[in-house]
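Below is one structure; the comments refer to it alone.
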Amino acid sequence: MPKNSKVTQREHSSEHVTESVADLLAHQEPVDYKRSVLNVTGETWDKQKEGDEDLEAENRPAWNSKLQYILAQIGYSVGLGNVWRFPYLCQKNGGGAYLVPYLVLLIIIGLPLFFLELAVGQRIRRGSIGVWNYICPRLGGIGYASCLVCFFVGLYYNVIIGWSIFYFFKSFQYPLPWSECPIVKNGSVAVVETECERSSATTYFWYRETLDISNSISESGGLNWKMTLCLLVAWSLVGLAMIKGIQSSGKVMYFSSLFPYLVLVCFLVRGLLLRGAVDGIMHMFTPKLDKMLDPQVWREAATQVFFALGLGFGGVIAFSSYNKQDNNCHFDATLVSFINFFTSVLATLVVFAVLGFKANIMNEKCVVENAEKILGYLNTNVLSHDLIPPHVNFSHLTAKDYNEMYRVIMTVKEGHFKELGLDACLLEDELNKSVQGTGLAFIAFTEAMTHFPASPFWSVMFFLMLINLGLGSMIGTMSGITTPIIDTFKVRKEVFTVGCCIFAFVVGLIFVQRSGNYFVTMFDDYSATLPLTVVVILENIAVAWIYGTKKFMQELTEMLGFRPYQFYYYTWKYVSPICMAVLMTASIIQLGVSPPGYSAWIREEAAEKFLFYPTWAMAILISLIILASLPLPLVFILRQFHLVSDGSNALSVTYKKGRMMKDISNLEDNDETRFILSKVPSETPSPMPTHRSYLGPGSNSPMEMSSAPNGRYGSGYLLASTPESEL
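Sequential numbering from 138 applies to the sequence shown in the numbering used here.
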């Protein structure tokens with residue numbers, strides 16, 4: 138026994154020394170206490186069970202390479218939102234000026250919290266349920282809430298992949314089916330479909346051919362069999378990718394993570410060669426600096442940062458739990474965060490290069506249509522030929538010439554100008570038309586691609602990119618469910634994955650009825666935003682304030698081999714919780730201010746109309762938020778009042794290949810003293826506080842922990858050769 142141990146000190150000193158369990162056991166020779174007289178748990182020794190535990194600890198799946206892991210994290214964090222949400226926010230909130238608040242919030246909120254999730258997953262090597270049960274069992278509901286949110290998001294997210302699959306297969310024809318309005322026979326006369334003529338070919342194809350949408354959420358309309366088949370294909374793809382865990386999904390990530398970048402680069406090169414592309418990009422990056430002072434811009438930037446990195450879902454923790462403990466997760470967090478940001482910027486360049494081209498096409502069409510109106514007015518003498526500038530040539534009319542002619546007519550015919558029905562045909566107006574989400578991908582972008590040379594090729598590439606972006610995010614989302622459930626309840630991986638996909642497909646049929654798009658909107662708007670914000674705030678509090686920021690920093694130092702910057706200490710402890718609390722408050726206010734509703738497509742009007750949710754839909758909406766948040770207070774109450782066991786009611790000590798696993802967390806300091814010295818607490822002097830060690834499974838070094846609320850529930854690992862000074 139080392140000379141400086143407290144046991145040796147007591148032999149040579151008249152002073153009474155109190156040892157904690159950790160003090161006494163840290164320097165003993167490895168002994169299997171379950172087979173010895175020191176088995177105080179009352180458990181019988183089960184050789185098979187112990188062997189299984191050893192095997193599980195040693196045989197946890199691992200990534201084949203660092204590249205595979207990085208691609209998995211990139212594939213998960215870079216999703217459809219980078220392509221159709223970020224460009225819209227950028228355009229809406231000040232163009233290039235929006236990048237400033239986004240980058241600031243990425244650094245002070247996104248990066249620290251992303252690093253935190255990577256670190257706890259890698260350290261403890263469990264899914265979200267196991268991680269938060271370990272750090273603070275009273276907040277163990279965090280893991281269950283994450284699983285529920287992942288389930289809700291996965292339900293509707295895979296529907297979007299199904300839509301992309303439908304468009305992908307429809308792209309193998311020329312001309313593209315959404316390039317022209319269909320012709321219908323009205324008796325012996327062939328006419329253009331009225332709904333299509335009053336909207337546009339791409340809009341008609343989306344709402345009528347693809348969704349066959351009803352007029353409101355109250356009109357179910359039955360299942361759309363085409364979308365049902367596509368949803369089945371989507372869930373089959375996810376199931377096949379996930380069935381073997383990271384052994385199968387890791388290989389899929391090589392393609393699903395890299396292919397979108399190939400497509401984006403190809404689209405960027407092609408887009409920059411299109412007429413009007415520069416107009417779109419210049420419009421995009423022209424900064425509107427006054428927008429930076431708008432609190433709404435910062436709120437939307439924070440929300441986008443939050444969801445872009447996949448915080449709170451559990452997917453980040455699940456992926457990092459398969460890492461080696463000495464992996465540099467700080468480098469990973471920085472790399473993935475900024476790749477995500479630059480991907481968003483790249484996608485924005487592509488989107489606005491293409492939309493700039495589309496805006497020029499639509500502007501030219503507007504000029505031609507209004508020039509024909511003016512010629513008609515000239516021929517009927519409604520307008521005088523003297524109003525037309527002499528250099529204007531109607532056979533080769535430019536947008537500049539039309540604008541000059543338009544201003545002259547508006548000035549002269551000021552009193553009767555509105556009766557003429559002329560449009561200004563300004564390029565700026567076309568570029569200012571904000572489009573996001575499905576409207577961008579399935580209407581605006583598809584319309585632009587119809588004007589591309591070899592349009593079917595570009596359409597196939599675009600929708601294959603969307604499928605891969607969605608698939609990468611779905612693998613991460615499903616890992617946020619499967620990894621913690623398999624870790625916690627020891628269910629068979631293949632059976633649970635298949636069962637989960639089948640169950641999700643059956644429940645997801647609600648999204649492929651004719652009113653399904655309205656349910657997708659409801660789930661997208663309300664099922665995740667508020668619950669996830671609460672989840673991430675509690676994650677931050679659990680680590681920074683309950684577990685202890687200093688202790689966590691020490692853990693990271695021992696795990697990484699270097700001490701993380703003090704920047705993380707202050708962001709975890711103060712900045713991030715405050716920012717997230719402000720974001721949560723703003724989200725609640727936004728929910729209260731904005732009336733819960735949706736944009737319905739009215740067939741008779743061939744236009745969108747905002748409708749409020751009916752009472753039963755409001756009940757579903759509220760239930761989603763409550764159900765996703767329910768595990769948080771429920772688990773807290775059950776464990777606070779000891780209504781369920783958290784596995785910390787016994788003292789059990791076993792040695793596993795030189796490493797000590799202990800669960801002494803539910804013993805008070807005085808209980809330890811009584812156990813060691815067989816005295817009542819009042820009779821035993823205690824010159825120093827008892828120290829606890831809180832380490833993740835398979836760790837190689839301790840973390841000092843003083844008495845803390847979570848200290849009553851944690852369990853840890855400690856090397857038998859740990860110096861006593863570190864206890």
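For each residue, glycine too, the CB sits at the ideal point set by N, CA and C.
> Helix, strand or coil for Q462 per DSSP?
Replying inline: The residue labelled residue 462 in the question sits at position 325 within the sequence shown. It is coil, neither helix nor strand.
> From which residue to which residue does the beta strand (DSSP E) around K746 run?
Replying inline: What you label residue 746 is simply residue 609 of the sequence shown in a count that begins at 1. Run containing K746: 744-749, per the beta strand (DSSP E) assignment.
> What number of angstroms, rounded off, separates the C-alpha of D431 from the C-alpha of A234?
Replying inline: Taking the first residue of the sequence shown as 1, we reach residue 431 at position 294. Taking the first residue of the sequence shown as 1, we reach residue 234 at position 97. A direct Cα-to-Cα measurement between D431 and A234 gives close to 11 Å.
> Going by C-alpha distance, which of S357, G277, G447 is nearest S616?
Replying inline: On the sequence shown, position 479 is the one that residue 616 refers to. Of S357, G277, G447, the residue nearest in Cα terms is G447.
> Helix, strand or coil: how does DSSP classify I211 here?
Replying inline: As a position in the sequence shown, residue 211 is number 74, starting the count at 1. Collapsing the DSSP output to three states places I211 in a helix.
> Which partner residues of K203 appear in the DSSP bridge assignment?
Replying inline: Position 66 of the sequence shown, counted from the start, is the residue given in the question as residue 203. DSSP output for K203 lists no bridge partner at all.
>> Taking 8 Å as the threshold (C-beta atoms), are R263 and Q462 in contact?
In response: Position 325 of the sequence shown holds residue 462. Position 126 of the sequence shown holds residue 263. Against a cut-off of 8 Å, the Cβ pair of R263 and Q462 comes out as no contact.
>> Once the 5 residues before and after I116 are set aside, which same chain residues still bring their CB inside 6 Å of it?
In response: Residue 116 lies beyond the stretch modelled for the chain, which goes from 138 to 864, so this question has no answer here.
> How long is the line joining the alpha carbons of A679 and V257, rounded to whole angstroms?
Replying inline: Numbered from 1 along the sequence shown, position 542 holds the residue referred to as residue 679. Numbered from 1 along the sequence shown, position 120 holds the residue referred to as residue 257. The straight-line gap separating the alpha-carbon atoms of A679 and V257 is approximately 11 Å.
>> As a quick exercise: from R776, L601, L559, G324, pick the residue whose alpha carbon is nearest that of L399.
In response: As a working note, residue 399 is residue 262 in the sequence shown. With distances taken between Cα atoms, L399 lies closest to L601.
>> Going residue by residue through the stretch 707-756, where are the continuous alpha helix (DSSP H) segments of at least 4 residues, counting only ones entirely within it?
In response: Within the stretch 707-756, the complete alpha helix (DSSP H) runs of at least 4 residues are 713-730.
> In or out: L204 buried (at least 16 other Cβ within 10 Å) or exposed?
Replying inline: In the sequence shown, residue 204 corresponds to position 67, counting from 1. Exposed, since its Cβ has fewer than 16 Cβ neighbours within 10 Å.
>> Just verifying my parser: in three-state terms, what is the DSSP assignment at N837?
In response: As a working note, residue 837 is residue 700 in the sequence shown. Caution is warranted here: a pLDDT of 41 is assigned to N837, below 50, making its placement in the model unreliable, and the coordinate value is therefore given only provisionally. In the structure shown, N837 sits in coil (DSSP, three-state: anything other than H, G, I, E or B).
> Is there contact between the stretch 280-289 and the stretch 349-364, where contact requires at least three CB pairs shorter than 8 Å?
Replying inline: no
> Going by DSSP, what residues sit across from L360 in a beta bridge?
Replying inline: To locate residue 360, count along the sequence shown from 1; it is residue 223. Paired residues: Q650.
> Assuming Q441 and Y293 make a contact with CB atoms under 8 Å, what is their CB distance in whole Å?
Replying inline: Counting from one through the sequence shown, the residue named residue 441 turns up at place 304. Counting from one through the sequence shown, the residue named residue 293 turns up at place 156. Contact doesn't hold; Cβ gap of about 19 Å is too wide.
> What is the DSSP secondary structure of I320, counted as helix, strand or coil?
Replying inline: Reading the sequence shown from its first residue, position 183 is the one you call residue 320. Reduced to three states, the DSSP call for I320 is strand.
> Between M390, F251, T423, F342, which lies nearest to V237 when the distance is taken from Cα to Cα?
Replying inline: Sequence index remark: in the sequence shown, residue 237 carries index 100 (1-based). Closest option to V237, Cα to Cα, is T423.
> Just reading off the beta strand (DSSP E) that A327 is part of, what are its end residues?
Replying inline: Translated into positions along the sequence shown, residue 327 becomes position 190. Unbroken beta strand (DSSP E) run through A327: 326-329.
> If you pair each beta-carbon of the stretch 620-635 with each one of the stretch 716-736, do three or more pairs fall below 8 Å?
Replying inline: Judged by Cβ distances under 8 Å, the stretch 620-635 makes no contact with the stretch 716-736, as fewer than three pairs qualify.
> Does the Cβ-Cβ distance between I350 and R651 come in under 8 Å?
Replying inline: What you label residue 350 is simply residue 213 of the sequence shown in a count that begins at 1. What you label residue 651 is simply residue 514 of the sequence shown in a count that begins at 1. Closer than 8 Å, so yes.
>> Rounded to whole angstroms, what is the Cα-Cα separation between T517 and V328?
In response: As a position in the sequence shown, residue 517 is number 380, starting the count at 1. As a position in the sequence shown, residue 328 is number 191, starting the count at 1. So the two alpha carbons sit approximately 29 Å from each other.
> Should S481 go down as buried or exposed, given a rule of 16 or more other Cβ atoms within 10 Å for buried?
Replying inline: The residue you call residue 481 lines up with position 344 of the sequence shown. With 16 or more other Cβ atoms within 10 Å, it is buried.
> CB M717 to CB N654, shorter than 8 Å?
Replying inline: By 1-based counting over the sequence shown, the position of residue 717 is 580. By 1-based counting over the sequence shown, the position of residue 654 is 517. It is not a contact, given that the beta carbons lie outside the stated cut-off.
> Exposed or buried, which one is Q210 when buried takes at least 16 other CB atoms within 10 Å?
Replying inline: Along the sequence shown, one-based indexing puts residue 210 at 73. Q210 should be labelled buried.
>> Is it buried or exposed, D523, if we count other Cβ atoms within 10 angstroms and call 16 or more buried?
In response: Indexing the sequence shown from 1 puts residue 523 at position 386. By the 10 Å Cβ count, D523 comes out exposed.
>> Spatial neighbours of V504 within its chain, please: C-beta separation below 7 Å, excluding the five flanking residues on both sides.
In response: Translated into the one-based positions of the sequence shown, residue 504 becomes position 367. Cβ neighbours of V504 beyond the five flanking positions: L534, A536, Y539, C562.
> Would you say M379 and F489 are within 8 Å of each other, going by their C-beta atoms?
Replying inline: Within the sequence shown, the letter at position 242 stands for residue 379. Within the sequence shown, the letter at position 352 stands for residue 489. Not closer than 8 Å, so no.
>> Taking its Cβ as the centre, do 16 or more other Cβ atoms sit within 10 Å of F479, making it buried, or is it exposed?
In response: As a first step, residue 479 must be located in the sequence shown, where it is residue number 342. Label assigned to F479: exposed.
> Tell me which same chain residues have a C-beta within less than 8 Å of the C-beta of N777, skipping the five on either side of it?
Replying inline: The residue given as residue 777 occupies position 640 in the sequence shown. Residue identity differs from the one stated: residue 777 is Gln in this sequence, not Asn. Taken in chain order, the residues that qualify are R275.
> Excluding the five sequence neighbours on either side, which residues of its own chain have a C-beta within less than 6 Å of the C-beta of E254, listed in chain order?
Replying inline: Here residue 254 corresponds to residue number 117 of the sequence shown, with the count starting at 1. So the list reads V453, I454, once near-sequence residues are dropped.
> Would you report the Cα separation of M542 and M499, rounded to the nearest angstrom?
Replying inline: Walking along the sequence shown from the start, residue 542 turns up at place 405. Walking along the sequence shown from the start, residue 499 turns up at place 362. Distance from the CA of M542 to the CA of M499, rounded to the nearest whole angstrom, comes to 19 Å.
>> What would DSSP say about G607, mapped onto helix, strand or coil?
In response: Indexing the sequence shown from 1 puts residue 607 at position 470. Helix at G607.
> Starting from V453 and walking both ways along the alpha helix (DSSP H), at which residues does that stretch end?
Replying inline: Numbered from its first residue, the sequence shown carries residue 453 at position 316. Element bounds for V453: 452-457.
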